[in-house]
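Residue numbers (the numbering used here): 1 to 343.
Heads up: the structure comes next, in structure tokens.
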Ligand code: ATP
Ligand code: LTN
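This is the structure:
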């Protein structure tokens with residue numbers, strides 16, 4: 001009898017693509033345009049792993065109930081955005097203990113000076129000048145472990161993560177030099193040509209971020225169409241009235257970037273279409289495009305969240321698959337380092 005496989009076998013020649021988001025709050029339009037949208041577009045060409053980095057999220061204080069909800073929500077949002085749960089490996093980082101184990105080893109091959117130069121660490125520690133956790137400082141070692149455990153070739157992320165990819169490559173090169181050039185695959189970063197850095201709607205000089213305390217600064221993928229319209233109407237724009245794409249007009253440029261990332265039209269085509277029009281037109285039309293993009297994702301996420309047992313079954317299956325792969329790499333690392341095999 002013919003067997004129907006719910007899951008297509010992964011052809012061995014497919015390269016590995018991997019990425020993740022912190023379940024530290026509801027995801028934003030920036031997370032979608034800078035990361036998820038590209039995962040969806042590239043997924044069929046790669047052997048993919050996508051996960052929610054709950055271990056990373058606790059580098060700053062999280063409410064336990066919220067963290068659990070946001071972790072389910074992150075996984076549901078990936079699927080709602082178009083990730084195919086039957087062909088990729090989906091899991092929660094804390095379900096695969098090899099991430100924390102390899103992170104320890106990598107902590108011993110990365111230097112204080114290197115970690116101290118990380119922009120994300122500097123930004124986040126500036127926001128909480130007291131009680132900066134050691135975890136926040138060594139965050140990049142855990143991220144490097146996430147990536148190196150699976151011999152990853154490509155990591156699609158937004159612009160802000162480029163520095164973390166560079167340090168991952170440096171750690172991998174360093175260890176390959178000591179223990180053999182076939183230990184780790186050196187990953188490449190994929191940063192989308194548009195949408196890689198969506199800015200805050202309230203301060204277009206800083207990045208839209210899901211943990212920004214001002215809810216008007218970001219469009220969340222949970223926002224209603226009305227909330228989206230209101231937020232874009234209130235978006236901080238620049239003096240003057242001409243719709244031009246320039247450094248001097250970061251607010252206007254951000255709205256044009258959002259349109260460009262959603263529609264695929266060039267920033268030039270978009271500005272040409274607004275010749276002679278007012279900021280108000282740009283805001284209203286951007287709001288409609290954003291609402292049309294976010295609406296179906298929001299609705300599908302809510303549907304998926306009604307059945308957490310389905311999500312649990314996906315996470316269980318995903319963690320099993322990930323564990324098998326991760327434990328092979330970790331075993332190899334331990335042996336090369338000189339640990340006695342576990343027998
Ligand atoms: P937090 O505020 O909790 O640090 P964040 O919104 O910055 O969260 P992350 O979980 O750090 O989001 O990032 C998840 C993915 O989304 C990464 O690939 C990151 O580069 C991308 N990303 C985050 N913010 C933006 C943005 N404003 N524009 C484009 N991509 C973004
Ligand atoms: N640091 C990332 C989240 C992250 C990640 C990863 C992204 C953790 N591990 C591995 C890609 C690959 C962030 O977006 N803040």
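Idealized CB from N, CA, C, for every residue including glycine.
Do residue j and residue i have their beta-carbon atoms positioned less than 7 Å apart in this structure?
i: residue 148; j: residue 121; result: no
i: residue 96; j: residue 323; result: yes
i: residue 218; j: residue 28; result: yes
i: residue 23; j: residue 70; result: yes
i: residue 325; j: residue 179; result: no
i: residue 106; j: residue 124; result: no
Any heavy atom of ligand 2 closer than 6 Å to the Cβ of residue i?
i: residue 281; result: no
i: residue 112; result: no
i: residue 155; result: yes
i: residue 287; result: no
i: residue 146; result: yes
i: residue 278; result: no
Please confirm whether any heavy atom of ligand 1 lies closer than 6 Å to the CB of residue i.
i: residue 231; result: no
i: residue 94; result: no
i: residue 58; result: no
i: residue 35; result: yes
i: residue 210; result: yes
Leaving out the 5 sequence neighbours to the left and right, which residues in its chain are closer than 6 Å to residue i when beta-carbon positions are compared?
i: residue 82; result: 40
i: residue 34; result: 158, 195, 196
i: residue 342; result: none
i: residue 253; result: 245
Return the bridge partner residues of residue i from the DSSP annotation.
i: residue 242; result: BP columns for residue 242 are empty, so no partner.
i: residue 28; result: 220
i: residue 48; result: 17
i: residue 207; result: 199
Enumerate in chain order the residues of its own chain whose CB-to-CB distance from residue i is below 7 Å, with the five nearest sequence positions on each side excluded.
i: residue 31; result: 21, 210
i: residue 318; result: 89, 90, 91
i: residue 38; result: 156, 190, 192
In its own chain, which residues sit with a C-beta less than 8 Å from the C-beta of residue i, not counting the 5 before and 5 after it?
i: residue 128; result: 60
Meets three-Cβ-pair contact criterion under 8 Å: the region 275-288 and the region 17-26: no
Please confirm if the region 134-149 is in contact with the region 45-59, defined as three or more CB-CB distances below 8 Å between the two stretches. yes
Meets three-Cβ-pair contact criterion under 8 Å: the region 67-80 and the region 95-109: no
Flag this pair as touching only if the region 304-316 and the region 232-248 have three or more C-beta atom pairs under 8 Å; answer yes or no. no
Across the region 283-297 and the region 226-239, are there enough close Cβ pairs to call them in contact, namely three or more that are closer than 8 Å? yes
Are at least three pairs of beta-carbons, each pair with one atom in the region 196-208 and one in the region 155-163, less than 8 Å apart? yes
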